[in-house]
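Enquirer: Just dropping this structure here.
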Amino acid sequence: MPRARVARTPQRRLLAWYEDEARDLPWRKSTDPYAILVSEVMLQQTRVETVIPYYERFLRAYPTVEALARAPIDDVLKLWEGLGYYRRAHNLHRASREVVHHHAGRIPADRAALRALPGIGPYTAAAVASIAFGEDEPVLDGNVVRVLARWFRVSGDPRRSDTRRSLEAVARSLIPAGRAGAFNQALMDLGARVCAPRLPRCEACPVEAVCEAHQAGEEELFPMRAARRSVPHRDVVAGVIWERGHDPWDPDARVLIAQREAGDMLGGLWEFPGGTVEQGESFDEALRRELREELGMEVEVGSLFITVDHAYTHFRMTLHVFHCRHTAGRPRALGCADFSWVLPSEIAGYALSVADRAVVRALCAQRESA
DNA sequence: GAACCGTGGAT
DNA sequence: TATCCAAGGTT
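Shown next, in the form of structure tokens:
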């Protein structure tokens, strides 16, 4: 009786596992380097389940690199709304134009040329080179770091460059010739579905028998990470500024929204204008100061409309939103990229952050019930 | 090297 | 509620 076929090396067992268990993801249906690039940029620091609907909408709107290069950045940002790390959208848009203008519309095929495009770092360059072009380049994302740190008991904080160099050398040495695309994705799927940060399912792991951390019973001790610092809190104020001569209950009343500068946090997104409350400042003073600085206008701050708590990567925020009456000064874009008077119902067409989107929702709900 | 850059799900 | 952290990159 023939023995069950067992792959000889751990790498072959991992590839065999991947053939059976690979997740059915939309970008895996495509071999188009552009589609794969879009998926990899969206997946930066972002969960697969979050990315899927964004990826499908994006590819429908911009099926080719030429289509993306032709698009206005405001449209690209609207499609990116809610996905976070908005600089990725600016950079991907810029990259598409570089590809069209300097690479004859073809995504570069080698790691170094990919790396030169804006928003493409070491991970994304290696991912596109291996998955879209079959280059034998190793990737090092959060999943691969965790899998390899456990498999080979690699100590040291993986954020350190020397630790990363060791991990990359290990990853490179493991790649079966000509199979980097599948092998890299197998490592990432293994990290996402089996070799989880907590409570890894080692009994389901194709490399359990050779995993050094598992043999030592120390899976959860790897990778070694330093503790994080606590994040500060900020009070931020913003105004719903009603057009002069109108009141909130007027169905034709417009409000002022401003566009953030492209290089800033949430760059290119629209918002109810305002800013951070400084030490010793009242909310009223802070809001009037910000509107004077950003838009050159004077307002009378009215009642508190809503507060929104929101956690960003490096600080937490309480956003205090006040109704405001415009009293003097025609608005000018002094500290913002642009501004616009709009009906609350029209704001749906603009790209806003999640926090400001909550304000719009409350505003529209209030007018609905009024 | 370290700070900065969004959001949502899991625990 | 607080913390972690996810197919990272730029400055």
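Here the first sequence stands for residues 127 to 496, where the numbers follow my numbering. Built from N, CA and C at the ideal position, the CB exists for glycine as well.
Does the separation of the CB atoms of A252 and V273 fall below 7 Å?
Expert: No, Cβ-Cβ distance for A252 and V273 is not below 7 Å.
Enquirer: State the CB to CB distance for the pair V271 and L293, rounded to an integer number of angstroms; the pair is presumed to be in contact (CB under 8 Å).
Expert: About 6 Å separates the two Cβ atoms, so the contact holds.
Enquirer: I need the straight-line Cα distance from T250 to L382, nearest angstrom please.
Expert: Roughly 39 Å between the two C-alpha positions.
Enquirer: Under 8 Å Cβ to Cβ from C462, same chain only, skipping five residues before and after it: list those, please.
Expert: Result list for C462: A384, Q385, R386, E387, P399, E420, L421, in chain order.
Enquirer: My assumption, with CB atoms under 8 Å, is that P326 sits in contact with E345. Please give the rounded CB distance.
Expert: Confirmed, Cβ separation roughly 5 Å.
Enquirer: In its own chain, which residues sit with a C-beta less than 6 Å from the C-beta of R298, not counting the 5 before and 5 after it?
Expert: Same-chain partners within the cutoff: P264.
Enquirer: Which whole-angstrom value describes the C-beta separation of L243 and H219, a residue pair presumed to lie in contact below a C-beta threshold of 8 Å?
Expert: Between H219 and L243 the Cβ distance is about 11 Å, and since that is not below 8 Å, they are no contact.
Enquirer: In the DSSP assignment, find the alpha helix (DSSP H) that holds C490 and state where it starts and stops.
Expert: Its alpha helix (DSSP H) spans residues 480–495.
Enquirer: Whose CA, out of A308, H440, I162, R456, lies closest to the CA of Y144?
Expert: The shortest Cα separation from Y144 among A308, H440, I162, R456 belongs to A308.
Enquirer: Give the straight-line distance between the Cα atoms of L347 and R291, rounded to the nearest whole angstrom.
Expert: Near 20 Å, if we compare the C-alpha coordinates of R291 and L347.
Enquirer: Going straight from the alpha carbon of L489 to that of Q311, what length do you get?
Expert: C-alpha separation (whole angstroms): 44 Å.
Enquirer: Give the secondary structure of C328 by DSSP, where H, G and I count as helix, E and B as strand, and everything else as coil.
Expert: C328: helix per DSSP, three-state reduction.
Enquirer: Note down, one range per segment and in chain order, each alpha helix (DSSP H) of at least 4 residues found wholly within the segment 169–223.
Expert: Runs found: 174–187, 191–196, 199–206.
Enquirer: Taking only three categories from DSSP, how would you classify R129?
Expert: Residue placement at R129 cannot be trusted, given a pLDDT of 47 that sits under 50; what the coordinates show is reported in the next sentence. Three-state DSSP puts R129 in coil, outside helix and strand.
Enquirer: At a cut of 8 Å, does the segment 182–202 reach the segment 357–368 through at least three beta carbon pairs?
Expert: Too few Cβ pairs lie closer than 8 Å, so no.
Enquirer: Taking only the alpha-carbon atoms, compute the straight-line gap between W467 and H446 and give it to the nearest angstrom.
Expert: So the two alpha carbons sit approximately 21 Å from each other.
Enquirer: For a quick check, are the C-beta atoms of V225 and I162 less than 7 Å apart?
Expert: No, they are not a contact pair.
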